[in-house]
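So for the sequence shown, the working numbering puts the first residue at 3; every next one is plus one. Ideal placement from N, C-alpha and C gives every residue a C-beta, glycine not left out.
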Amino acid sequence: MIGLSGQVIMDDIVLTPLQGPPLSDWQAQLAFIQQTGARQISFASFVIQAKWLGADPLVSQAVNVLLHLLNGALAYRVFLRIGERNSPGSTQVFACIAGLIWILNPAHATTVLYSIQRMTLLAATGSFVIFYLALGTLSRRSIAFIAVVYPLAILAKENAILALPAALILRMMTAHSDQTRRRAYTSLSAATAVVLIVSLWAAPLLEIPLRYAAWDFTLPERLVLAPDILAQHFRMFLLPMPSSFSFYYDDYFIPGIDTLSLLKFFQLSALPILLMALYPLSNRFPIVAAGIALFFALHSVEGSVLALDLFFEHRNYIPSIGLAAAAGALLTGLARAHHRAPLTTAMIVAMYLVTCLGYRTYVIGDEMRLAIHHVDRHPASFRAAADAAYYAEGLRAAPTRNTPFQIEVEAINLVRTCSATPSPVPLNSFGSAAVPKRSLRLHETALVACASDPCAVSPAYIHRLSSTYLIESRVDSYRHRIEPLLAHFLRAHVTMECGVRANSRTPAQLAD
């Protein structure tokens, strides 16, 4: 199947213990399941898979594909329930179009083929079951079933905590009664206001700005970027283009506070304006209003609206069911208004999505092809450039070699090799217990010294430096000074300027 490559992407590395000796001891299995303190259902699924099907990453991806198909079937049932409550004359057409938009959308490709995101898939399974039951007749049996599924979904991934309140919003906003929809709108507005007020009050007390300061984007930067991130989610899902997708989004342009334009101010005001427009919209297009409300409600925990986390495609997996419902309702209405055959509309939508999805999975299916695609789409992304150099050289550095001490020794050797004068830095002044800032200063010195001869720096050193300090450790300001230097060396290797020298090394030398 296209896209099933078995490659390990980013956080998939936490699953490597399962690829060693089988976890036959139940205590070892329990320790693996509880390694993060949360999401035990998801980690338990990986242990069960390893025991019965094997721990190969290809198997993990195949299981994820099956889960996505299950979620697609559940989403279709949810859309049927929504249609029955609002447009009984075209329920099947609406559910079919909305279901195709959701299950075939290329925006979900990385979520499904990124093994560790089974957490998101399982949370979506539980959430969609709750939506389906909440939209029907609330009998004792359905309420009891919700009471069982809800905590299990949260244990798969904590973003499912909003499944129950989101289901309530969906039920009220798709009701026939105008009074019920009015109460839903009032409740949603009041809840949004309370959350914003509490966030503003609690942020200084919890030192939230200081916590964000240690990450890639500070709290003010995230606030400025929020409208762009939301617009990106809308655009990527509703108007998917093959060239618009990536895996890394660490190269967002962050305007300074002094350069903020009037347009940016209006963008920041878009969220409350859109929320205020939901009620009048619900009078004529209840499904569209309910879908948009569901999208924002679910994103409040996913991290792109209120939590303001870094952009990742998998954060839109569950909230996108709201966008699919809104888009499906609009397309169904247009097909009826212009007397177009609904089947033709569904076929056109499906063909376009399948084309985009096919190209997306084709890119993901090859490690080097994916790395080159990321560099083309995000030339300023450090992580994309690091991956491209890593795969171009065929490196598979052993984790035991990826230690601060060894790359510090290599940095010292680089300083001595590239500098006009011998390095005054004594080897014993930097050990394995050196603080990150001191070590990063050494690496910066080495990179500056070798800037005129980028091929003197091996891709193995670049990879170990990036994975040890710049990705796993996010607390030091020196990384922002080193990243442009690393990009200079990565560019030389990716563009094959160092091809002759790289090809002359043996695999053993590359591993070293």
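Between the alpha carbons of L240 and N107, how many angstroms are there, rounded? If you take the alpha carbons of L240 and N107, they lie about 9 Å apart.
Helix, strand or coil for V459, going by three-state DSSP, please let me know. Note: V459 maps to coil in three-state DSSP.
With H376 and S246 assumed to form a contact (beta carbons below 8 Å), what rounded beta-carbon distance in angstroms separates them? Between S246 and H376 the Cβ distance is about 13 Å, and since that is not below 8 Å, they are no contact.
Proximity below 9 Å, CB of L135 to CB of I148: It is a contact, given that the beta carbons lie within the stated cut-off.
Roughly how many angstroms lie between the CA atoms of P59 and F297, to the nearest whole one? So the two alpha carbons sit approximately 31 Å from each other.
Per DSSP, what kind of secondary structure is Y364 in: helix, strand or coil? For Y364, the three-state secondary structure derived from DSSP is helix.
Return the residue from the list A109, I350, H110, I103 that minimises the CA-CA distance to A328. Closest option to A328, Cα to Cα, is I103.
Thinking C-alpha only, which one of I84, A233, R338 is nearest E315? The closest CA to that of E315, considering only I84, A233, R338, is found on A233.
Determine the extent of the alpha helix (DSSP H) in which T122 is found, giving its start and end residues. 120–136 is the span of the alpha helix (DSSP H), which, as asked, contains T122.
How should I323 be labelled, buried or exposed, when 16 other C-beta atoms within 10 angstroms of its C-beta is the threshold for buried? Only buried fits I323, as 16 or more other CB atoms lie within 10 angstroms of its CB.
Cα separation between A228 and S271? Rounded to the nearest angstrom, the two C-alpha atoms are 11 Å apart.
Are at least three pairs of beta-carbons, each pair with one atom in the region 354–368 and one in the region 108–115, less than 8 Å apart? With a cut-off of 8 Å, the region 108–115 and the region 354–368 count as touching, because enough Cβ pairs lie within range.
Whose C-beta lies closer than 8 Å to the C-beta of F96 among residues of the same chain, with five residues either side of it excluded? Here F96 has F81, I84, G85, S89, I289, G330, A331, T334 as same chain residues with Cβ atoms under 8 Å from its own Cβ, once five neighbours each way along the sequence are excluded.
Below-9 Å beta-carbon distance, A165 vs any chain C residue: This model lacks chain C altogether; it includes just one protein chain.
Ordered along the chain, which non-local residues of its own chain (more than five positions away) have a Cβ less than 6 Å from that of Y78? Within its own chain, the residues whose Cβ lies closer than 6 Å to the Cβ of Y78, once the five positions on either side in sequence are excluded, are A97, G101, listed in chain order.
Burial state of V517 (16 or more Cβ within 10 Å): Residue 517 falls outside the range modelled here, since the chain spans only 3 to 514, and no answer is possible.
CA-to-CA distance, S141 to A192, given in whole angstroms: Roughly 29 Å between the two C-alpha positions.
N73 in three-state terms, based on DSSP: Three-state DSSP puts N73 in a helix.
Could you give the DSSP three-state label for A46: helix, strand or coil? Residue state, collapsed to three classes: helix.
Nearest by alpha-carbon distance to P167: which of S129, R41, V226 is it? P167 has its Cα closest to that of S129, out of S129, R41, V226.
Leaving out the 5 sequence neighbours to the left and right, which residues in its chain are closer than 8 Å to V351 when beta-carbon positions are compared? Counting only Cβ-Cβ distances below 8 Å, and skipping sequence neighbours, we find I99, L102, I103, L333.
Determine whether the beta carbon atoms of N73 and I50 lie at a separation below 9 Å. Their beta carbons are not under 9 Å apart, which means N73 does not touch I50 by this criterion.
Return the Cβ separation of A299 and L164 in integer angstroms, given the expectation that the two are a contact with Cβ distance under 8 Å. The beta-carbon separation of A299 and L164, rounded to 6 Å, stays under the 8 Å limit for a contact.
What's the call for H178, buried or exposed, on a 16-neighbour Cβ count within 10 Å? Burial call: exposed.
Which of the three DSSP states, helix, strand or coil, is assigned to C452? DSSP, reduced to helix, strand and coil, places C452 outside both helices and strands of the structure shown, so it counts as coil.
Could you check which residue in L280, G293, A155, T93 has the C-alpha nearest to that of F45? Ranking the options by Cα distance to F45, first place goes to A155.
Supposed close pair T176, A75 - CB separation, criterion 8 Å: Not really, about 20 Å apart at Cβ, beyond 8 Å.
Closest by CA to S92, which one among P461, I171, A337, A373? If we check each option's Cα against that of S92, A337 comes out closest.
Please report the residue range of the alpha helix (DSSP H) in which I145 lies. Where I145 is concerned, the enclosing alpha helix (DSSP H) stretches over 142–158.
Simplified DSSP state of F239, which is helix, strand or coil: DSSP places F239 in helix when its eight states are reduced to three.
Using only alpha-carbon positions, find the residue among R237, T188, A126, L172 that is nearest to N161. Of R237, T188, A126, L172, the residue nearest in Cα terms is A126.
Since A295 and I132 should fall inside the 8 Å C-beta cutoff, what is the C-beta to C-beta distance between them, to a whole number of angstroms? Contact flag wrong, Cβ pair sits at about 16 Å.
Sequence-distant residues of the same chain with beta carbon closer than 7 Å to L55, five excluded per side: By the criterion of a C-beta distance shorter than 7 Å, L55 is surrounded in its chain by V61, once the five residues flanking it on both sides are discounted.
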